[in-house]
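Scroll down for the structure; my scribbles are underneath it.
Residue numbers (our numbering): 23 to 620.
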């Protein structure tokens, strides 16, 4: 959780994923080869069912490559779910002292991440980010991810601080980590995480039938003071007033996600397919309210996200898995020690907040590792139905350990190349030298092709070739297709070639068919039509774009210019005035009105 690479283009991306992938596999290879109690049969069956359905969804999904490996930004393909299952099984094989070590490391991560977030809140900004807003992001690059991580870890620190069997020094260290993590959770402004922790507190109070009310009240008062002092308290009323990030925005997201599920209900669009299927599910209301900056690639609810990517079959299998693990969580909350109750409470908090966020690739393996610790603690001999296990399986375990070591080495190499490529991408954008080196190191990662295209611009033809390479990996990726179409349009305007204009229009028309309510695409499609002399089609595209982007003056200006050139002055005047309503300082709209003497 604490891995950060300041020298990379994405400081919180490749290096963190290298740690997640390589360490989970290496840890599994280390411990699964030795004799250990097997997982209960129902958990093995639940994991098997979910991975089987998710594999089918990946095989028939809309992105046949990233459905397995995960996109460079989200890393939540089928292989990540496999890592989660591996981490879950690994926890079962840990010895009691190793489980204790894992929990203490989690407490340390909580304290350090929380301290980082608080330091950011008071003015420390170790890594400059674009588009992160003014809320702390900690070692994650995202306030929402930071909140989710601390919601998971802070209850563990509280549990260890309450452990009467621990030494006084250990309890004080855990308490300090809990305070730091709690403060970091507050300043993150992550409302989903706040809800998760509140739900966990209620569940603990109900299950254990007791709660240290004085401590709880003191913690609540301190949280309110910190929230007011750092300005994040305003995030609460924003739930009602904020159209984009509040409750209304979340409901809009869920409405679109429900359409994605309804379109492919059985197996969904496949892991990482939501970004591709999103465009067809958007309605006019969503586009007018939110636009596409940034492009939504998650359903913003774990339930809907799983349903959209693996269908109702995947959702049923996932629900069975969560309920099976939930039985152990409930047992631990009711009768477990304070340490393990804190661990179980962290899982409850994370699960509750994920209902308003989505599964996070870098966190899910950690979540399932901790879930495996709960199962390992709560399992009682004689009450489970284990998978058959004995000495005759030793060759299989040894072979599995060797295979795991090879996979860990492969993950280390691939992750190392990704980190090197990330550094090369940053250097290419900063200096313009060797723009294709990053893509040559990881040709499967389309984001490095996008970086190369950006570094090669304004030479449009070499830039377009880089995007063609990206489409060979993910043919329907909307970001790559949009950028390629944009570059083709730029090229057509530069060369005034009819062939180039036709290529731009074909690319934009294909995009518009897959995403018919994308105002930006329609705006550019109108420009391509105008270059080809098809004024009627340009007018239709711009009229539609003007309706779908009520805060942009671009389509209104284009319409005004078109009408003026055709001497349709009443319509030109109305379009120019609409443009000025949206952008009072628009010089082109004012110029049209002045030409007509109005």
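Each residue gets a CB set at the ideal place from its N, CA and C atoms; glycine is no exception. Here the structure is a predicted model, which is why all the values come from computation and not from measurement.
Should residue i and residue j be called a contact, given that it needs their Cβ atoms to be closer than 7 Å?
i: residue 477; j: residue 451; result: yes
i: residue 114; j: residue 398; result: yes
i: residue 242; j: residue 137; result: no
i: residue 343; j: residue 82; result: no
i: residue 463; j: residue 442; result: yes
i: residue 175; j: residue 128; result: yes
i: residue 336; j: residue 47; result: no
i: residue 545; j: residue 567; result: yes
i: residue 44; j: residue 433; result: yes
i: residue 79; j: residue 332; result: yes
i: residue 523; j: residue 489; result: no
i: residue 226; j: residue 367; result: yes
i: residue 196; j: residue 183; result: yes
i: residue 98; j: residue 383; result: yes
i: residue 541; j: residue 563; result: no
i: residue 261; j: residue 249; result: no
i: residue 25; j: residue 41; result: yes
i: residue 387; j: residue 109; result: yes
i: residue 293; j: residue 89; result: yes
i: residue 325; j: residue 304; result: no
Mapping the DSSP letters down to three states, classify residue i as helix, strand or coil.
i: residue 161; result: helix
i: residue 28; result: coil
i: residue 609; result: helix
i: residue 497; result: coil
i: residue 387; result: helix
i: residue 62; result: strand
i: residue 574; result: coil
i: residue 382; result: coil
i: residue 38; result: helix
i: residue 614; result: helix
i: residue 544; result: helix
i: residue 149; result: coil
i: residue 92; result: coil
i: residue 130; result: helix
i: residue 294; result: coil
i: residue 98; result: coil
i: residue 217; result: helix
i: residue 322; result: coil
i: residue 455; result: coil
i: residue 79; result: helix
i: residue 562; result: helix
i: residue 119; result: helix
i: residue 579; result: helix
Please name the residue in the options whose C-alpha comes closest to that of residue i.
i: residue 591; options: 575, 287, 574, 613; result: 613
i: residue 245; options: 227, 206, 229; result: 206
i: residue 351; options: 466, 315, 392; result: 392
i: residue 573; options: 323, 311, 354, 26; result: 311
i: residue 506; options: 486, 499, 516, 518; result: 486
i: residue 219; options: 340, 316, 378; result: 378
i: residue 254; options: 144, 290, 339; result: 144
i: residue 516; options: 550, 56, 618, 250; result: 550
i: residue 370; options: 260, 584, 217; result: 217
i: residue 348; options: 395, 561, 130; result: 395
i: residue 308; options: 259, 275, 57, 330; result: 275
i: residue 35; options: 529, 555, 439, 584; result: 439
Between residue i and residue j, how many whole angstroms is the CB-CB distance? I'm expecting something under 8 Å.
i: residue 165; j: residue 122; result: With a Cβ gap of about 31 Å, residue 165 and residue 122 do not count as contacting.
i: residue 65; j: residue 346; result: 5 Å
i: residue 509; j: residue 475; result: 7 Å
i: residue 582; j: residue 598; result: 4 Å
i: residue 199; j: residue 132; result: 5 Å
Skipping 5 residues on each side, what residues in its chain have a beta carbon closer than 6 Å to that of residue i?
i: residue 446; result: 459, 460
i: residue 157; result: 165, 211
i: residue 364; result: 177, 178, 180, 181
i: residue 185; result: 360, 361
i: residue 49; result: 112
i: residue 240; result: none
i: residue 353; result: 400
i: residue 503; result: 533
i: residue 204; result: 176
To which residues of the same chain is residue i closer than 7 Å at the C-beta, ignoring the five residues directly before and after it?
i: residue 608; result: 575, 579, 601, 602
Output needed for residue i: all residues of its chain with C-beta closer than 8 Å, excluding positions within five of it in sequence on either side, in chain order.
i: residue 466; result: 87, 91, 495
i: residue 230; result: 355, 356, 363
i: residue 498; result: 84, 85, 298, 536
i: residue 408; result: In this prediction, residue 408 has a pLDDT of 47, which is less than 50 and means its spatial position is unreliable; nothing more can be read from the coordinates.
i: residue 404; result: Low per-residue confidence applies at residue 404: pLDDT is 38, beneath 50, and the placement is therefore not dependable enough to give any value.
With a threshold of 7 Å between beta carbons, is residue i in contact with chain B?
i: residue 605; result: Any reference to chain B falls outside this structure, which holds one protein chain only.
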